[in-house]
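Quick note on this note's numbering: the sequence shown kicks off at 58 and runs consecutively.
Backbone N, C-alpha and C fix where the C-beta goes; we use that ideal spot for every residue, glycine too.
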Amino acid sequence: HTRREKGMFYGIEFPWTEEMLVAWGPGWLTNAFRKAGTLGEDNWVTEVIPESAHKITIGNNGGKFFFKVRYWRHLRGLHTSLFAKIPFPLDGHTRSDRLSSSVNKQPQEFYEINAYRLLEASL
């Protein structure tokens, strides 16, 4: 779980905890949004703000958290309140859940991510 690798869709390393996302910060998120076609070269993320008031503790396919972002220029269609779904750690009390979601349920998450990635813009 702690080995860093490049992802299948955009070829960039991906943070797997809320703490990593905050530490990697606006530069990483700007790059990720640009790779996904969400953000143009003339705009960037200026701040990543973890949501401290609402923590998600349910779900068996992975950890989840909310966070907010600020952009250099806020443009129509750019969301500022975001949601992340991340894998459970492969140890301790989440080991069996991680094995279930990462091995037994594949390629379901691949299809789920593609649905978000490819269809959301048309909604």
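Report back the beta-carbon spacing between Thr95 and Ile143 to the nearest angstrom; my notes put them in contact at under 8 angstroms. Walking along the sequence shown from the start, residue 95 turns up at place 38. Walking along the sequence shown from the start, residue 143 turns up at place 86. With a Cβ gap of about 19 angstroms, Thr95 and Ile143 do not count as contacting.
Can you give the beta carbon distance from Ala110 to Phe124, rounded, assuming they're within the 8 angstroms contact cut? Residue numbering aside, residue 110 sits at position 53 when the sequence shown is read from its first letter. Residue numbering aside, residue 124 sits at position 67 when the sequence shown is read from its first letter. Actually they do not touch by this definition, with Cβ atoms about 12 angstroms apart.
What's the C-alpha gap between Ile60 and Thr103? Stepping through the sequence shown from its first residue, residue 60 is reached at position 3. Stepping through the sequence shown from its first residue, residue 103 is reached at position 46. The sequence as given places Arg at residue 60; Ile does not occur at that position. Distance between the alpha carbons of Arg60 and Thr103 is about 28 angstroms.
Short Cβ contact (7 angstroms threshold) for Pro107 with Val126: The residue labelled residue 107 in the question sits at position 50 within the sequence shown. The residue labelled residue 126 in the question sits at position 69 within the sequence shown. No; because the gap between Cβ atoms is not below 7 angstroms, this pair is not in contact.
With a threshold of 16 other CB atoms inside 10 Å of the CB of Leu86, please say whether the residue is buried or exposed. What you label residue 86 is simply residue 29 of the sequence shown in a count that begins at 1. Leu86 is buried by the Cβ-count criterion.
Cutting at 8 angstroms between CB atoms, please list the residues of its own chain near Asn88, excluding the five before and the five after it. As a first step, residue 88 is located in the sequence shown; it is residue number 31 there, counting from the start. Result list for Asn88: Ile69, in chain order.
Close Cβ partners of Leu135 (< 7 angstroms) along its chain, the five nearest in sequence each way excluded: On the sequence shown, position 78 is the one that residue 135 refers to. Taken in chain order, the residues that qualify are Tyr128.
Where do the N-terminal and C-terminal ends of the beta strand (DSSP E) with Pro107 fall, by residue? Sequence index remark: in the sequence shown, residue 107 carries index 50 (1-based). Segment Val102 to Pro107, the beta strand (DSSP E) holding Pro107.
Inter-residue Cα distance where the pair is Phe122 and Lys112: Stepping through the sequence shown from its first residue, residue 122 is reached at position 65. Stepping through the sequence shown from its first residue, residue 112 is reached at position 55. Each residue's Cα considered, the two are about 6 angstroms apart.
Tell me, to the nearest whole angstrom, how far the beta carbon of Val105 is from that of Pro83; I am working on the premise that it is less than 8 angstroms. Reading the sequence shown from its first residue, position 48 is the one you call residue 105. Reading the sequence shown from its first residue, position 26 is the one you call residue 83. Indeed they touch by this definition, with Cβ atoms about 6 angstroms apart.
Indicate the three-state DSSP secondary structure (helix, strand or coil) for Glu98 in the structure shown. Taking the first residue of the sequence shown as position 1, residue 98 is located at position 41. In the structure shown, Glu98 sits in coil (DSSP, three-state: anything other than H, G, I, E or B).
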